[in-house]
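When you read off a place in the sequence shown, starting at 1, and then add 2, the result is the number in this note's numbering.
Ideal Cβ positions, reconstructed from N, Cα and C, are used throughout, including at glycine.
Computed from a predicted structure; not experimentally measured.
What follows is a set of notes on a single structure, which appears directly below.
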Amino acid sequence: MPLILGLDPSLSCTGWGVIRAEGARLVHVANGQVPTDAKAPMAQRLAHLQAALAEVIAAHRPDRAAAEEVFVNKNAQSTLKLAQARGCVLAACGAAGLDVNEHAARLVKKAVVGTGAADKRQVQAMLAVLLPGVKIAGADAADALAVAIADAHLG
3 MPLILGLDPS LSCTGWGVIR AEGARLVHVA NGQVPTDAKA PMAQRLAHLQ AALAEVIAAH
63 RPDRAAAEEV FVNKNAQSTL KLAQARGCVL AACGAAGLDV NEHAARLVKK AVVGTGAADK
123 RQVQAMLAVL LPGVKIAGAD AADALAVAIA DAHLG
């Protein structure tokens with residue numbers, strides 16, 4: 003019964019969600035968000051993100067992690083910031099010895115909702131069905147739970 007940590011990397015607010023896969027049954031364990039201070043220097047924001055995720059990993063001891071693949075924005079600066087945050091996410095997982103599976107956003111939506119063109123509302127509605135009673139910390143945590151669910155289905 004693997005414990006899976008789903009991650010939705012972002013410099014402004016990284017989402018995380020932990021689920022347990024019990025065969026076809028999924029059980030919510032925890033979820034949350036790691037916001038960073040937009041006014042803080044980049045190095046401090048990245049250090050905060052990595053340290054916070056290291057705490058999540060230490061607290062929940064997942065068997066593996068899954069992260070949403072990076073997509074390229076039209077704005078090169080936004081893409082660079084996302085890549086730096088993603089590097090912190092992957093480094094926190096790597097430091098803990100976790101394997102990280104990467105899934106495209108369309109594949110995550112297809113695994114959770116049934117269509118890669120699903121919107122955020124559809125994904126969140128399906129989370130309520132798949133994880134009854136779950137209290138989601140916010141949109142980024144919902145995305146991270148969806149990544150964990152997709153990983154449970156896709157391996």
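- If the five residues before and after Met128 are omitted, its C-beta is found closer than 7 Å to the C-beta atoms of Val114, Val115, all from its own chain and listed in chain order.
- In summary, Asn75 is exposed, with fewer than 16 beta-carbon neighbours lying within 10 Å of its beta-carbon over all protein chains present.
- The segment 44 to 121 is shown to contain whole beta strand (DSSP E) runs of 3 or more residues at 66 to 70, 102 to 105, in chain order.
- About 24 Å separates the CB atoms of Arg66 and Leu13; that is not less than 8 Å, and the two are not in contact.
- By the neighbour-count definition (other C-beta atoms within 10 Å, threshold 16), Leu156 is an exposed residue.
- If you look at Val136, you'll find it isn't in any alpha helix (DSSP H); DSSP assigns it neither H nor E.
- DSSP, read as helix, strand or coil, puts Leu28 in strand.
- For Arg88, the CB contacts under 6 Å within the same chain, skipping 5 residues up- and downstream, are Pro11, Val72 in chain order.
- Contact check for Ala32 against Ala154 fails: the beta carbons are separated by 8 Å or more.
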